[in-house]
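One structure is given here, and the rest of the page talks about it.
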Amino acid sequence: MATLFLSKSVLALAGGALALASCSRDEATPSSEASYRRTVVYLDQAQPARHDTTYQASTLQATAKLDAKSCVVFLQAATGKAGLAFGVPRAQLTPGFVGSYAFRAPINPGQGPNYRYWVNTANDPSGSNSWTYESWWLTSTGAVTGALDITAYDAKRQLLSGRFQLALTGTYDPRASSTEFSTRRCDLTLTGTFANVPVANTN
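Take the sequence shown: its letters are residues -21 to -1, 1 to 182, numbered as in mature numbering (1 follows the signal peptide of the UniProt record, and there is no 0).
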């Protein structure tokens, strides 16, 4: 009888351990990933007429920050030579954060969804010179279109997922060197996705 009771106890403990292990596996935080493509289409007749650059997940660092003023998603190349930031004022976020937040320019960061893209100039990889495209400094001669789409927010784990597209018409060439003041004009488009990006809540 004692042996039977002991066996049942061992089985119960083993079952509990398996259940806990299963829960631990189920609640493991998924790894974050992000990627984006930069497309440059030139408006003149010179060559090349188009240039595409893809930033894969393995070459990007993706983070996000939430505070009393805004939610900002950061994507930065591991080399430190290029970076993206998309922000939405806290007052304009939906209750669950999920939604489409359209870009427009010129606009100050606190007034609406905003963007910032920077890339080191071709002749200065050290980073002291860079081309910068910001929503509060309209460098485009044409329209600014696109949006940050937040498709999911895991409040328990504080993980953010979504996609984005930013299109600048008739802007200056991000591939030009810092000495090329009269750069070629182009249409610049940034398109990408991000998943399970950890959100640092500084409220």
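Glycine included, C-beta positions come from ideal geometry on N, C-alpha and C. All of these numbers come straight from a predicted model, not from anything done at the bench.
**Q26 burial status per 10 Å Cβ neighbour count (16 or more: buried)** = Looking up residue 26 in the sequence shown gives position 47. With fewer than 16 Cβ atoms within 10 Å of its Cβ, Q26 is classed as exposed.
**Message:** I need the boundaries of the beta strand (DSSP E) containing E113, first residue and last residue.
**Reply:** Start at 1 with the first residue of the sequence shown, and residue 113 comes out as number 134. Here the beta strand (DSSP E) through E113 covers S109 to E113.
**Prompt:** So, is W116 buried or exposed, given that buried needs 16 or more other C-beta atoms within 10 angstroms?
**Reply:** Within the sequence shown, numbered from 1, the residue matching residue 116 stands at position 137. It counts as exposed.
**Request:** Write down the C-beta distance between Q137 and N182 rounded to the nearest angstrom, noting that I regard them as a contact closer than 8 angstroms.
**Result:** As a first step, residue 137 must be located in the sequence shown, where it is residue number 158. As a first step, residue 182 must be located in the sequence shown, where it is residue number 203. With a Cβ gap of about 11 angstroms, Q137 and N182 do not count as contacting.
**Prompt:** So V176 and A41 are in contact, right, with Cβ under 8 angstroms, and what is the actual spacing, rounded?
**Reply:** Stepping through the sequence shown from its first residue, residue 176 is reached at position 197. Stepping through the sequence shown from its first residue, residue 41 is reached at position 62. The Cβ separation is near 5 angstroms, so the contact holds.
**Request:** Just tell me which of T172, N99, A43 and A122 has its CA closest to the CA of T150.
**Result:** The residue labelled residue 150 in the question sits at position 171 within the sequence shown. Among T172, N99, A43 and A122, the Cα nearest to that of T150 belongs to A122.
**Asked** What is the DSSP secondary structure of Q26, counted as helix, strand or coil?
**Response** One-based indexing of the sequence shown puts residue 26 at position 47. Q26 falls in the coil class under three-state DSSP.
**Prompt:** Where does the unbroken beta strand (DSSP E) through F173 begin, and where does it stop?
**Reply:** Numbered from its first residue, the sequence shown carries residue 173 at position 194. R164 to N180 is the span of the beta strand (DSSP E), which, as asked, contains F173.
**Nearest-angstrom Cα separation, counted from G62 out to Y96** = By one-based count along the sequence shown, residue 96 stands at place 117. By one-based count along the sequence shown, residue 62 stands at place 83. Going from the Cα of Y96 to the Cα of G62 covers about 6 angstroms.
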